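Visitor: I am attaching a structure below and will ask some questions about it afterwards.
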Amino acid sequence: MAAIGTISASVAPQNALARARERAALVPDLLVEARRIAAAVLSGWHGRRRRGIGEDFWQYRPYTAGETMARIDWRRSARDDHVYVRDNEWQSAHTVWLWADPSPSMLYQSRGASVSKESRAIVLALALAELLARSGERIGWLGMAEPISARNAAERIAARMMMSPLPEKPDFSLVNGRSDVVLISDFLDDTEVLEEMWRPLAQRDARGHLIEIADPAEETFPYDGRTRFVDPETGERLTAGRAEDAAAAYRDVYRARRAELSRDVRRLGWSFTLNHTDQLASEALVHVHQAMTTPHGSAL
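With the sequence shown counted from 1, adding 471 to any position gets you my numbering.
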């Protein structure tokens, strides 16, 4: 038995190949769940529409002095005392890159959560792929799947997940400044490690959207008495005699980490979304959608 307050030698983490096989077995069910969530929010999802060159009608709007009169819709204008311009919808496909963290810490699931952090991350990524594909966007997975424009993009990405392991780190080599990148993780690494991870993305002037997945127990620290903590990344173990004595300090450090992360991300003009595994995944989808429709340079 480990002594109280000491760190034991590390134990081998779960075999990566075994984890990949378990994930592949779950992907079909996760895709079904992603489609269910996507359908639930679809009524409020209108794509990132804007006026521009295209054939599809978008909207009528009041004529502004200085615009060419050739764009005036005289039939619509004849209905009342105002002059209206007919706008078509911009039809240039946009590229959105996705990535969900496959690291061992994402396997955590407390009694208060309905799913693991990894399951929630994959469901969110596939649901985003489903929704964005319906809006005509090009969807890719960093380091695994190049962007495609297809109605079944989510299904095709899920198929790739079943055949190959998820990339441990996002590969930004194909990302350009006109792209959006969605990174889904618990972001529990040191700040320096995280900054190093997305520095190439910031340098390319692409827009990032971070979704932090958190288990409720990670925030509340509901442990007391003699408790053994195991690091899922290294296998190191720490035994505490009275875990409750560390609760207040732990919560302060945990909240400070998130506040710093959110502040750094918004400073780049990116968006930051928090989603707990005991809450609805659809809440995160709505927030990310709002961030994607916000002009570049504004952050939520």
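Note that the Cβ used here is the ideal one computed from N, Cα and C, for glycine as well.
Predicted model, so just to flag it, every value in this text is computed and none were measured.
1) For M763, count the other beta carbons within 10 Å of its own beta carbon; 16 or more makes it buried, fewer makes it exposed. Which is it?
2) With DSSP run on the structure shown, which of helix, strand or coil describes W561?
3) Residues in its own chain within less than 8 Å of R722 by CB, not counting five upstream and five downstream?
4) Which residue wins for smallest C-alpha separation from L502, given the options A598, S576 and I543?
5) Please report the straight-line C-alpha distance between V443 and G607, rounded to a whole angstrom.
6) What residues are listed by DSSP as bridge partners for V567?
7) If I measure Cβ to Cβ from V554 and keep anything under 8 Å in the same chain, skipping five residues before and after, which residues do I get?
8) In three-state DSSP terms, what is E617?
9) Could you compute how far the alpha carbon of A685 sits from the alpha carbon of T539?
10) What would DSSP say about R675, mapped onto helix, strand or coil?
11) From which residue to which residue does the beta strand (DSSP E) around V701 run?
12) Tell me the rounded alpha-carbon separation between T477 and E601.
13) Please report the distance separating the alpha-carbon of R713 from that of A727.
14) What would DSSP say about R708, mapped onto helix, strand or coil?
15) In three-state terms, what does DSSP make of A685?
16) Measure the alpha-carbon distance for E683 versus V653 and round it to whole angstroms.
17) For the stretch 568–583 and the stretch 696–705, state whether three or more C-beta atom pairs, one from each stretch, are separated by less than 8 Å.
18) Specify whether the stretch 736–751 and the stretch 668–681 touch according to this definition: at least 3 beta carbon pairs, one from each stretch, less than 8 Å apart.
19) So if DSSP puts F743 in a beta bridge, which residue, or which two residues, is it bridged to?
20) For A720 and S574, I'd like the C-alpha separation in whole angstroms.
21) Hey, would you say L756 sits closer than 9 Å to I508, going by beta carbons?
22) Assuming R591 contacts A752 under a Cβ cut-off of 8 Å, what Cβ separation, rounded to an integer in Å, is found between them?
23) Please go through the same chain and pick out, in chain order, the residues whose beta-carbon is closer than 8 Å to the beta-carbon of E715, but skip the five residues on each side of it.
Guide: The short version:
1) Here residue 763 corresponds to residue number 292 of the sequence shown, with the count starting at 1. Buried.
2) For this step, residue 561 is matched to residue 90 along the sequence shown. Residue placement at W561 cannot be trusted, given a pLDDT of 47 that sits under 50; what the coordinates show is reported in the next sentence. Three-state DSSP puts W561 in coil, outside helix and strand.
3) Your numbering for residue 722 matches position 251 in the sequence shown. For R722, where only same-chain residues beyond five positions count, the Cβ hits under 8 Å are E690, T691 and F692.
4) Along the sequence shown, read from residue 1 onward, the residue named residue 502 stands at position 31. Of the candidates A598, S576 and I543, the one whose C-alpha sits nearest the C-alpha of L502 is A598.
5) Any question about residue 443 goes unanswered here, given that the chain covers just 472 to 771.
6) Counting from one through the sequence shown, the residue named residue 567 turns up at place 96. Its beta-bridge partners are I610 and D651.
7) The residue you call residue 554 lines up with position 83 of the sequence shown. So the list reads P533, Y534, I543 and S548, once near-sequence residues are dropped.
8) Here residue 617 refers to the residue found at position 146 of the sequence shown. Strand, per DSSP.
9) Here residue 685 refers to the residue found at position 214 of the sequence shown. Here residue 539 refers to the residue found at position 68 of the sequence shown. When rounded, the distance between both Cα atoms is 52 Å.
10) Within the sequence shown, numbered from 1, the residue matching residue 675 stands at position 204. DSSP places R675 in coil when its eight states are reduced to three.
11) To locate residue 701, count along the sequence shown from 1; it is residue 230. Counting along the chain, the beta strand (DSSP E) containing V701 begins and ends at T698 to V701.
12) In the sequence shown, the residue the question calls residue 477 occupies position 6. In the sequence shown, the residue the question calls residue 601 occupies position 130. Unreliable placement is indicated for T477, whose pLDDT of 48 sits below 50; the coordinate value is still reported in the next sentence. T477 and E601: Cα-Cα distance of roughly 47 Å.
13) Position 242 of the sequence shown, counting from 1, holds the residue named residue 713. Position 256 of the sequence shown, counting from 1, holds the residue named residue 727. So the two alpha carbons sit approximately 23 Å from each other.
14) Counting from one through the sequence shown, the residue named residue 708 turns up at place 237. Correct three-state label for R708: strand.
15) Taking the sequence shown and counting its residues from 1, the one referred to as residue 685 is at position 214. A685 falls in the strand class under three-state DSSP.
16) Here residue 683 refers to the residue found at position 212 of the sequence shown. Here residue 653 refers to the residue found at position 182 of the sequence shown. Using only the alpha carbons, I get a separation of about 11 Å.
17) The count of Cβ pairs closer than 8 Å, one atom from the stretch 568–583 and one from the stretch 696–705, reaches three, so the stretches are in contact.
18) yes
19) For the purposes of this step, residue 743 is taken as residue 272 along the sequence shown, with counting starting at 1. Partner(s): L681.
20) Residue mapping note: residue 720 aligns to position 249 of the sequence shown, counting from 1. Residue mapping note: residue 574 aligns to position 103 of the sequence shown, counting from 1. Taking the straight line from one Cα to the other gives about 26 Å.
21) For the purposes of this step, residue 756 is taken as residue 285 along the sequence shown, with counting starting at 1. For the purposes of this step, residue 508 is taken as residue 37 along the sequence shown, with counting starting at 1. The answer is yes: Cβ separation under 9 Å.
22) Within the sequence shown, numbered from 1, the residue matching residue 591 stands at position 120. Within the sequence shown, numbered from 1, the residue matching residue 752 stands at position 281. Indeed they touch by this definition, with Cβ atoms about 6 Å apart.
23) For the purposes of this step, residue 715 is identified with residue 244 of the sequence shown, where counting begins at 1. The residues are Y694, D695 and G696.
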